[in-house]
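2 protein chains.
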Amino acid sequence: MKAMNVGLLGIGTVGGGTYAVLERNQSEIARRAGCPIRISVVADKDLDRAARVTGGKVRVVDDAFAVVSDPEVDIVVELIGGTTIARELMLAAIAQGKHVVTANKALLAHHGNEIFAAAYRAGVMVAFEGAVAGGVPIIKALREGLTANRIEWIAGIINGTSNYILSEMRSKRVSFATALGDAQRLGYAEADPTFDIEGIDASHKLTIMAAIAFGIPMQVDKVYTEGIARLSPEDIRYAEELGYRIKLLGITRRTPVGLELRVHPTLVPSTRLIANVEGVMNAILVQADAVGRTLYYGAGAGAEPTASAVVADLVDVTRMHSASRKHQVPYLAFQPDQLSDIPILPMEEVQTSYYLRIRAYDRPGVLADVTRILADRQISIEAMVQREPSEGEDQVDVIMRTNRTIEKNMVAALDGIEALASIVGKVIRIRLEEL
Amino acid sequence: MKAMNVGLLGIGTVGGGTYAVLERNQSEIARRAGCPIRISVVADKDLDRAARVTGGKVRVVDDAFAVVSDPEVDIVVELIGGTTIARELMLAAIAQGKHVVTANKALLAHHGNEIFAAAYRAGVMVAFEGAVAGGVPIIKALREGLTANRIEWIAGIINGTSNYILSEMRSKRVSFATALGDAQRLGYAEADPTFDIEGIDASHKLTIMAAIAFGIPMQVDKVYTEGIARLSPEDIRYAEELGYRIKLLGITRRTPVGLELRVHPTLVPSTRLIANVEGVMNAILVQADAVGRTLYYGAGAGAEPTASAVVADLVDVTRMHSASRKHQVPYLAFQPDQLSDIPILPMEEVQTSYYLRIRAYDRPGVLADVTRILADRQISIEAMVQREPSEGEDQVDVIMRTNRTIEKNMVAALDGIEALASIVGKVIRIRLEEL
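Protein chains in written order, with the numbering used here: chain C, 316 to 750; chain A, 316 to 750.
Structure follows, in structure tokens:
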């Protein structure tokens, strides 16, 4: 049995995990794949680190392009990250006729269309299970497990850092800043946490899932993205009183007028399984016409969980290495000539429910003014909580849950409400999905 | 693009669902599969039903063996059920060089080894996603998604009928008989519910999952199986007071001395996601060395959810129809010549924790006697609830949660406890897993 030779680009966290898993489970993996899968060369700028992780057992080079053109390498695994060098390396590997495996969601969200087109021309596979939800085989579920279905929507907790912060804010009743600090101390958030807390990382993953679910090209620039940095513990507590939890969700939904693509904090009923996904864990809920609702849960990041996905891809690619293109699973689930051009809805056209927190002077008639403005836009109030003002205060918080409405209606209504003399500051508005 | 011709055996619930899904989503499915997939002939004893479901658009025959040998048929889908005729049909189809798709868990659990051996000789695929957890792509996750991992254990809610009954008993505080009656009225339980409530159906599914997870042959006769018919609402309530819910779980676990294969009611901490899976839904929790814990949730039965799995198999088989055997995913995840002969542990050797309910006369010294007998066998008590006797009663319920111990130790201890003069009747003992 000839071994499959892998060229590993980048031996940082995930690369190191991939090396460790392939070594530890080599016999189990070979028994499944039908032949050994071995890393024959590693490229990393840090040669010392590479030598340390591999224990000197594998050839280590600092030129990733040399690996890509190495005739001994059957499959290239790109775990460098970023969208510049990684893109060049992927395209170079593909041009050399190599199959590629990557966990790089930013790269695929931004340059996936170009990469898949090049791979199609070259007749090579591009596997990317590790790009979404780490070790949870959600790409496989969407690309292969649910092929019978017309997928209706996906709602996912696809950023562990944000979910950890929101879990901490709720369970320990701490501020966003405190929870972020804890996450950074524990290594769950980076020194610059922007990508995670502003929903950018989630928007990359959502882009990839939507492409597979609906058979559309990657369109990361059309994702509406709102992060969690402005959430307050009060809103988390009020949400809980209404029977909801706040999660950063990536949501994509097929509607008669177009596709929704949005990442934002979302109130979800506390009784839903996905509302009970805590800490750094990920979970993706998929609604499809035949199967109904399925949910996929697991570790969305980390060395070995992500390596689990990378190595599963390696097994798939190994098995299909010498098969012809028609036998391969299409990159985006649909055959490349069968992608759709479904329009993406701008956020103003998206329909959802809302949680509102309105700070008002404690005067008669305020509520009547607010509800009239909402009613003028066909927005009705499904539930309401009004706080008694604290001693000596003349302002109260009014919390509302509305019916479903179009975002632009809500924006216009809130403009009207905020213009009332009896209202203090901006209205807090968080979207809500019953799921 | 030549269409793939499917011969459908049996057009009952799942067969009808399969027909409906293939028809409704034919364009979406063809865009994924690369060619149309159409049912070209249906075999069913009830020709009227078959004609009604297919609207007269498909050829209908009453001889399933004619379909199996029909040269126009590329793939045979077996949805007849049972283990006699279905077995003959599967083997006949395989002998004719046809790929087969089935959702028949009893057939695979009992005759899978024979069927896979015959299919291997014939070079055909056997796909069976619908055999476990309906539309949840758990077979794909285990066979392909987690190939990097050494799987440690699986614990699954894999029988919707039982889970519905247990959910009803807990939420409505009704007896087993009442909940079963409700389930029967709603069509969730059959007139003879034995297969579901005695854990037999779950044992079939567990057998299949264990074979794939550990690369072992099907060994359904070695599954320890205990159903839910003897559970009382009291135990469900006491479990809840201790922070647990009772679920019928199928559990398989790798231990240094062998594999566990067991189906029984199990206390699970209420905070676990799997404890919150309610009604007829299924969920499978998998612990594996690289990815850690993943969970897969969805509808475990029903026409279209199961059809979702059957049609996903059809797409896979269509794509690989003309590929060679080495490109195919092995039937049981491991290459057929790479299966293991790991011993299955008898239940007496299985290690687990226990919930005990002991009915005792309200006398001094009873608890000392009980705890001494347990301690003699190194069984310690982790939590205990003792009820005050009701007015005029002289008996009390003592509820205990123990540490992990070997089943035979517990059996021996319970023999000793039940022999005490102060103990009334048999001790209720339900296994407990922290998961």
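Note that CB positions come from ideal geometry on N, CA and C, so glycine has one too.
Quiz item: DSSP puts alanine 381 (chain C) in a beta bridge; with which residues?
Solution: Translated into positions along the first sequence, residue 381 (chain C) becomes position 66. In the DSSP output, where bridge partners are listed per residue, alanine 381 (chain C) has none listed.
Exercise. Quick one: grab the DSSP three-state call for leucine 457 (chain C).
Key: Counted from its first residue, the first sequence places residue 457 (chain C) at position 142. Leucine 457 (chain C) falls in the helix class under three-state DSSP.
Practice problem: Give the residues of chain A in contact with serine 623 (chain C), contact being defined as C-beta atoms less than 8 Å apart. | Solution: Position 308 of the first sequence holds residue 623 (chain C). Leu461, Ala463, Asn464, Ala603, Ala605, Val606, listed in chain order.
Quiz item: So asparagine 320 (chain A) is in the beta strand (DSSP E); what residue range does that whole segment cover?
Solution: The sequence position of residue 320 (chain A) within the second sequence is 5, counting from 1. Asparagine 320 (chain A) -> beta strand (DSSP E) spans 319-324.
Quiz item: Would methionine 533 (chain C) pass as a contact of alanine 424 (chain C) if the rule is Cβ separation under 8 Å?
Solution: In the first sequence, counting from the first residue as 1, residue 533 (chain C) sits at position 218. In the first sequence, counting from the first residue as 1, residue 424 (chain C) sits at position 109. Against a cut-off of 8 Å, the Cβ pair of alanine 424 (chain C) and methionine 533 (chain C) comes out as a contact.
Quiz item: Looking at the unbroken beta strand (DSSP E) that takes in alanine 432 (chain A), where does it start and where does it end?
Solution: To locate residue 432 (chain A), count along the second sequence from 1; it is residue 117. Segment 420-437 is the alpha helix (DSSP H) holding alanine 432 (chain A); no beta strand (DSSP E) there.
Exercise. Rounded to whole angstroms, what's the CA-CA distance from proline 658 (chain C) to threonine 570 (chain C)? Just pull it up for me.
Key: Position 343 of the first sequence, counted from the start, is the residue given in the question as residue 658 (chain C). Position 255 of the first sequence, counted from the start, is the residue given in the question as residue 570 (chain C). One C-alpha to the other measures close to 10 Å.
Practice problem: Assuming serine 639 (chain C) contacts asparagine 464 (chain A) (C-beta within less than 8 Å), just tell me the rounded distance between them. | Solution: Your numbering for residue 639 (chain C) matches position 324 in the first sequence. Your numbering for residue 464 (chain A) matches position 149 in the second sequence. Actually they are not in contact, since the Cβ atoms of serine 639 (chain C) and asparagine 464 (chain A) sit about 29 Å apart, beyond 8 Å.
Quiz prompt | Distance between valine 489 (chain A) and aspartate 709 (chain A) (C-alpha atoms, nearest Å) | solution = Position 394 of the second sequence holds residue 709 (chain A). Position 174 of the second sequence holds residue 489 (chain A). So the two alpha carbons sit approximately 26 Å from each other.
Quiz item: Along chain C, in chain order, which residues have C-beta atoms closer than 7 Å to that of phenylalanine 443 (chain A)?
Solution: Start at 1 with the first residue of the second sequence, and residue 443 (chain A) comes out as number 128. None at all; the shortest Cβ gap to chain C is about 13 Å.
Self-check item: Nonlocal neighbours in the same chain, by C-beta distance under 7 Å from glutamine 653 (chain C), ignoring five residues either side
Solution: Taking the first residue of the first sequence as position 1, residue 653 (chain C) is located at position 338. So the list reads Gly530, once near-sequence residues are dropped.
Self-check item: Per-residue DSSP class, three states only, for arginine 587 (chain A)
Solution: Sequence index remark: in the second sequence, residue 587 (chain A) carries index 272 (1-based). Arginine 587 (chain A): coil per DSSP, three-state reduction.
Quiz item: Name the chain C residues that come within less than 7 Å of aspartate 631 (chain A), Cβ to Cβ?
Solution: Walking along the second sequence from the start, residue 631 (chain A) turns up at place 316. Within 7 Å Cβ-Cβ: Glu459.
Exercise. Going by CA-CA distance only, name the one from A:Tyr559, A:Tyr334, A:Ala648, A:Ser637 that's closest to arginine 716 (chain A).
Key: On the second sequence, residue 716 (chain A) is found 401 positions in, with the first residue counted as 1. The candidate whose alpha carbon is nearest that of arginine 716 (chain A) is A:Tyr559.
Quiz item: Beta-carbon of lysine 641 (chain C) versus every beta-carbon of chain A: anything under 8 Å?
Solution: Along the first sequence, read from residue 1 onward, the residue named residue 641 (chain C) stands at position 326. Closer than 8 Å to some Cβ of chain A, the Cβ of lysine 641 (chain C) qualifies, so yes.
Quiz item: Does the beta carbon of glycine 450 (chain C) sit closer than 8 Å to a beta carbon anywhere in chain A?
Solution: Here residue 450 (chain C) refers to the residue found at position 135 of the first sequence. Answer yes: the Cβ-Cβ gap between glycine 450 (chain C) and chain A drops below 8 Å somewhere.
Quiz item: Under 8 Å, do methionine 635 (chain A) and methionine 440 (chain A) count as touching if we go by C-beta distance?
Solution: Taking the first residue of the second sequence as 1, we reach residue 635 (chain A) at position 320. Taking the first residue of the second sequence as 1, we reach residue 440 (chain A) at position 125. Against a cut-off of 8 Å, the Cβ pair of methionine 440 (chain A) and methionine 635 (chain A) comes out as a contact.
Quiz item: Skipping 5 residues on each side, what residues in its chain have a beta carbon closer than 6 Å to that of leucine 457 (chain A)?
Solution: If you number the second sequence from 1, residue 457 (chain A) lands on position 142. Closer than 6 Å at the Cβ level, and outside the excluded window around leucine 457 (chain A), lie Ile527, Ala528.
Quiz item: Does the ligand SAH have a heavy atom nearer than 7 Å to the CB of isoleucine 480 (chain C)?
Solution: For the structure depicted, the ligand SAH is absent and the ligand set is empty, with no information on it obtainable.
Practice problem: Could you tell me whether any Cβ in chain C is nearer than 8 Å to the Cβ of threonine 686 (chain A)? | Solution: As a working note, residue 686 (chain A) is residue 371 in the second sequence. Closer than 8 Å: no.
Quiz item: Who pairs with valine 375 (chain A) in a beta bridge, going by DSSP?
Solution: Counted from its first residue, the second sequence places residue 375 (chain A) at position 60. BP columns for valine 375 (chain A) point to A:Val357.
Exercise. Taking C-beta pairs closer than 7 Å, name the residues in chain C that glutamine 653 (chain A) reaches, listed in chain order.
Key: For the purposes of this step, residue 653 (chain A) is taken as residue 338 along the second sequence, with counting starting at 1. Within chain C, the residues near glutamine 653 (chain A) are Arg346.
Quiz item: Candidates C:Val572, C:Ile454, C:Ile326: which alpha carbon is nearest glycine 396 (chain C)'s?
Solution: By one-based count along the first sequence, residue 396 (chain C) stands at place 81. Ranking the options by Cα distance to glycine 396 (chain C), first place goes to C:Ile326.
Self-check item: Beta carbon proximity, methionine 635 (chain A) to chain C, threshold 8 Å
Solution: By one-based count along the second sequence, residue 635 (chain A) stands at place 320. Yes, because at least one Cβ of chain C sits closer than 8 Å to the Cβ of methionine 635 (chain A).
Self-check item: Proximal residues to alanine 368 (chain A) (C-beta, below 7 Å), its chain only, five neighbours per side dropped
Solution: What you label residue 368 (chain A) is simply residue 53 of the second sequence in a count that begins at 1. In the sequence under discussion, the amino acid at residue 368 (chain A) is valine, which differs from the alanine named in the question. Counting only Cβ-Cβ distances below 7 Å, and skipping sequence neighbours, we find Ile326, Gly331, Tyr334.
Quiz item: Do we get a CB-CB distance below 8 Å when we pair histidine 340 (chain C) with the residues of chain A?
Solution: Mapped onto the first sequence, residue 340 (chain C) falls at position 25. The sequence as given places asparagine at residue 340 (chain C); histidine does not occur at that position. For asparagine 340 (chain C), the answer is yes, since a Cβ of chain A falls inside 8 Å of its Cβ.
Exercise. Scan the region 349-378 of chain A for residues whose Cβ lies nearer than 8 Å to a Cβ of chain C and list them as they occur along the chain.
Key: Gly349
Practice problem: Going by CA-CA distance only, name the one from C:Val538, C:Pro620, C:Asp497, C:Asp363 that's closest to glycine 514 (chain C). | Solution: Here residue 514 (chain C) refers to the residue found at position 199 when the first sequence is read from its first residue. Nearest option by C-alpha distance: C:Val538.
Quiz item: In the region 537-563 of chain C, which residues sit with their C-beta less than 7 Å from some C-beta in chain A, listed in chain order?
Solution: none
Quiz item: If we ignore side chains and look at the alpha-carbon of each, how far apart do valine 329 (chain C) and valine 713 (chain C) end up?
Solution: To locate residue 329 (chain C), count along the first sequence from 1; it is residue 14. To locate residue 713 (chain C), count along the first sequence from 1; it is residue 398. About 47 Å.
Self-check item: Reduced DSSP category for asparagine 521 (chain C) - H, G, I as helix; E, B as strand; rest coil
Solution: Position 206 of the first sequence holds residue 521 (chain C). In the sequence as presented, asparagine is not what sits at residue 521 (chain C); that position holds leucine. It is helical.
Exercise. Pick out whichever of A:Ala728, A:Glu343, A:His519, A:Ala408 has its Cα sitting closest to the Cα of serine 655 (chain C).
Key: Here residue 655 (chain C) refers to the residue found at position 340 when the first sequence is read from its first residue. It is A:Glu343.
Quiz item: Got a sec: is the Cβ-Cβ distance from alanine 627 (chain C) to anything in chain A below 8 Å?
Solution: Indexing the first sequence from 1 puts residue 627 (chain C) at position 312. Interface residue, yes.
Quiz item: So who's on the other strand from glycine 573 (chain C), going by DSSP bridges?
Solution: Start at 1 with the first residue of the first sequence, and residue 573 (chain C) comes out as number 258. Per DSSP, C:Thr570.
Quiz item: With burial defined as no fewer than 16 other Cβ atoms inside 10 Å of the residue's Cβ, what is the status of lysine 413 (chain A): buried or exposed?
Solution: Counting from 1 along the second sequence, the entry for residue 413 (chain A) is found at position 98. Buried, by the Cβ-count rule.
Exercise. For chain A, find out if any of its Cβ atoms is closer than 8 Å to the Cβ of glycine 322 (chain C); answer yes or no.
Key: As a working mapping, residue 322 (chain C) is identified with position 7 in the first sequence. Not closer than 8 Å to any Cβ of chain A, the Cβ of glycine 322 (chain C) fails to qualify, so no.
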